[in-house]
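**Student:** If you scroll down you'll find the structure; I have some questions about it.
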Amino acid sequence: MKKTLIVVLIVVGFISCNRHDKFTISGTIKGASGEKLYFEHSGLLKTSIVDSIRLRPNGSYKFKSIRPKYPDFYRLRLMDKVITFAVDSCEDITIDANSTNFATDYTVIGSTTSQQIQKLRKSISNIQQLANGLSSTMGTDERNAKIADIEKAIEIHKVMARKLILQNPHSASAYFAIYQKVNDAYVFSPYVKTDRAYCAAVATAYNVFMPEYERSKNIYALVMDAIRSDRKAKENEAWNEVLAARGTGYIDIILPDKNNKTRKLSDFVGKVILIDFSTYESKESVDYTFALRDLYKKYHSRGFEIYQISLDQNKQFWQQAVENIPWICVRDINGPNTKYASSYNISGIPTTFLMDKKGNIIFRSLGFKELGEAIEKYL
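Take 28 as the starting number for the sequence shown in this note's numbering and just add one per residue.
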């Protein structure tokens, strides 16, 4: 009977929550009679005013707004001072503050997430004050001591933030922690190996629970870019090791083209060559091929060549796709399992290498703009 009652109460609470499509933020701001208080939405790209009120003599205020579909961030702004809070359910939040220390010394009732955000903000504010104390007129020892204090404070902050993130990675406070800054530099960065696991935890949780949310897409894309950048750096490092071990500028490739004619990469040494590992089966192939065609038309007559290694699974599809391709395109009978993919340390497609006229690999996987500039330079 007791269990049944608990279940009923949970269900009633859930239904009640879903029936209310608004949330309320209210409270009292001491020492700010007659001042204008702004209620703002902190979007991913911009902050916009939702409402405003002229504070009464007793400093009381109350705002109502549509409950967001996903956890989101809002602000109370008094002149240039800001309180940030989160809304992640149908809640009534009370925030009491005073005008003097409006941004830091306030109380929050009704939102655990907003209490966590307050703790994170106060910690970063203290670190920022330390950073503001740095001066170019300081002596070396004094400056180094201040920097050491800042580094220690940041690590203490990150210990707290890491714990919060791991406790509930899909919370608004976990997301907020990832994007905090000191001197416009992120405290957590997915490009830093020791931070990546925490950024990835939030990105994965948001992507799983809220895949259509713009914030989910943003943080997931950020983490994936960091992973790709790290992978590319490792590929370049591995490639340099391969070159050092082989003692040559490139590894020769000998494969048949669409007409079953054997084409050697080494036959084209003396030209600037783009060695391209790619596939025509990918959805990006059309745009990629047009970009290659533009490079070929612009530079081929001046001594530029494209030596393309197809990693397509389907031989017949590949033959049809390359029927009108003007550059050299070869394919191994083993398709993507060609030995040359491992020789060149290929872990993703497309992957390109630019080789100079002497047969030295000079660049790996440049963007098309940078690739054009490099070709121009080495022709």
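For every residue, glycine included, the Cβ atom is placed at its ideal position computed from N, Cα and C.
Just so it is clear, the structure is predicted and the values come from calculations on it, not from any experiment.
Given a cut-off of 8 Å on the beta-carbon distance, is the pair K63 and R81 in contact?
**Tutor:** Yes, they are a contact pair.
**Student:** Report the three-state DSSP secondary structure of N125 (helix, strand or coil).
**Tutor:** If DSSP states are grouped into helix, strand and coil, N125 belongs with the strands.
**Student:** Is it true that the CB of L338 sits closer than 8 Å to the CB of T306?
**Tutor:** Yes, Cβ-Cβ distance for T306 and L338 is below 8 Å.
**Student:** Just to confirm, is the Cβ distance from F112 to S150 under 8 Å?
**Tutor:** No, Cβ-Cβ distance for F112 and S150 is not below 8 Å.
**Student:** Ignoring anything shorter than 3 residues or poking outside the segment 61-149, list the beta strand (DSSP E) runs there in chain order.
**Tutor:** Correct list: 63-69, 74-81, 87-93, 99-105, 108-114, 119-125, 133-136.
**Student:** For G54 versus D123, is the C-beta spacing smaller than 8 Å?
**Tutor:** A contact, by the Cβ cut-off of 8 Å.
**Student:** I need the DSSP call for S53, collapsed to helix, strand or coil.
**Tutor:** Three-state result, S53: strand.
**Student:** Taking its Cβ as the centre, do 16 or more other Cβ atoms sit within 10 Å of R258, making it buried, or is it exposed?
**Tutor:** Under this definition R258 is an exposed residue.
**Student:** Quick check on DSSP: helix, strand or coil for A253?
**Tutor:** The answer is helix: DSSP assigns A253 an H, G or I state.
**Student:** Give the range of the beta strand (DSSP E) segment to which R170 is assigned.
**Tutor:** R170 -> not in any beta strand (DSSP E); alpha helix (DSSP H) instead, spanning 167-194.
**Student:** Can you tell me whether S198 is buried or exposed, with buried defined as 16 or more other CB within 10 angstroms of its CB?
**Tutor:** Counting Cβ neighbours within 10 Å, S198 comes out buried, since at least 16 surround it.
**Student:** Let's test the definition: count the other Cβ atoms within 10 Å of the Cβ of A212 and tell me whether it reaches 16, buried, or not, exposed.
**Tutor:** Its Cβ having fewer than 16 others within 10 Å, A212 is exposed.
**Student:** Just curious, the beta strand (DSSP E) that R358 is in, first and last residue?
**Tutor:** Element bounds for R358: 355-358.
**Student:** Can you say whether D132 is buried or exposed, counting buried as having 16 or more other CB atoms within 10 angstroms of its CB?
**Tutor:** It counts as exposed.
**Student:** Smallest Cα separation from K93: which of Y101, S87, R223?
**Tutor:** The residue you asked about is not Lys; residue 93 is Ile in the sequence shown. Nearest C-alpha to I93: Y101.
**Student:** Would you mind listing the alpha helix (DSSP H) stretches within the segment 198-251 that are 4+ residues and don't spill past its ends, in chain order?
**Tutor:** Runs of the alpha helix (DSSP H) inside the segment 198-251: 199-205, 220-236.
**Student:** Go ahead and label K49 buried or exposed: buried means 16 or more other beta carbons lie within 10 angstroms of its beta carbon, across all protein chains shown.
**Tutor:** Answer is exposed; the Cβ neighbour count stays below 16.
**Student:** Counting Cβ pairs, one atom from each stretch, are 3 or more of them under 8 Å apart for the segment 371-386 and the segment 342-357?
**Tutor:** Contact between the segment 371-386 and the segment 342-357 is absent, because fewer than three Cβ pairs lie under 8 Å.
**Student:** Count the other CB atoms, across all protein chains shown, that sit within 10 Å of the CB of R329; report buried if there are 16 or more and exposed otherwise.
**Tutor:** Its Cβ having fewer than 16 others within 10 Å, R329 is exposed.
**Student:** Kindly identify the DSSP beta-bridge partner or partners of D279.
**Tutor:** Beta-bridge pairing links D279 to no other residue.
**Student:** For the alpha helix (DSSP H) that I333 lies in, which residues bound it at each end?
**Tutor:** Element bounds for I333: not the alpha helix (DSSP H) but the beta strand (DSSP E), 331-337.
**Student:** Whole angstroms is fine: what's the gap from G88's alpha carbon to D99's?
**Tutor:** Residue 88 is actually Tyr in this sequence, not Gly. Rounded to the nearest angstrom, the two C-alpha atoms are 21 Å apart.
**Student:** Compare the Cα-Cα distances from L292 to each of R255, Y225, I333 and report the closest residue.
**Tutor:** Selected option, being the one with the closest Cα: I333.
**Student:** Between the segment 172-179 and the segment 229-243, are three or more C-beta pairs nearer than 8 Å?
**Tutor:** No: the two stretches stay apart, fewer than three of their Cβ pairs being nearer than 8 Å.
**Student:** Between which two residues does the alpha helix (DSSP H) harbouring D314 extend?
**Tutor:** Unbroken alpha helix (DSSP H) run through D314: 312-326.
**Student:** To which residues does DSSP link T379 through a beta bridge?
**Tutor:** Partner(s): D303.
**Student:** Between which two residues does the beta strand (DSSP E) carrying I389 extend?
**Tutor:** Here the beta strand (DSSP E) through I389 covers 388-391.
**Student:** Mapping DSSP to helix, strand and coil, what is K396?
**Tutor:** K396 falls in the helix class under three-state DSSP.
**Student:** Check each candidate in F203, M382, E241 and name the one with the smallest Cα separation from Y225.
**Tutor:** Out of F203, M382, E241, F203 has the C-alpha closest to the C-alpha of Y225.
**Student:** Can you tell me whether R46 is helix, strand or coil according to DSSP?
**Tutor:** No answer about R46 holds up, because its pLDDT of 45 lies below 50 and its placement is not dependable.
**Student:** To which residues does DSSP link K291 through a beta bridge?
**Tutor:** Per DSSP, I281.
**Student:** With DSSP as the reference, label K385 as helix, strand or coil.
**Tutor:** K385 falls in the coil class under three-state DSSP.
**Student:** For V250 versus A230, is the C-beta spacing smaller than 8 Å?
**Tutor:** Yes, the Cβ-Cβ distance between V250 and A230 is below 8 Å.
**Student:** Can you have a look at S469 and say buried or exposed, based on whether 16 or more other CB atoms are within 10 angstroms of its CB?
**Tutor:** Residue 469 is absent from the structure shown; the chain starts at 28 and stops at 406.
**Student:** Which residue marks the beginning of the alpha helix (DSSP H) containing S370, and which one marks its end?
**Tutor:** Residues 366-370.
**Student:** So who's on the other strand from K298, going by DSSP bridges?
**Tutor:** K298 pairs with V296.
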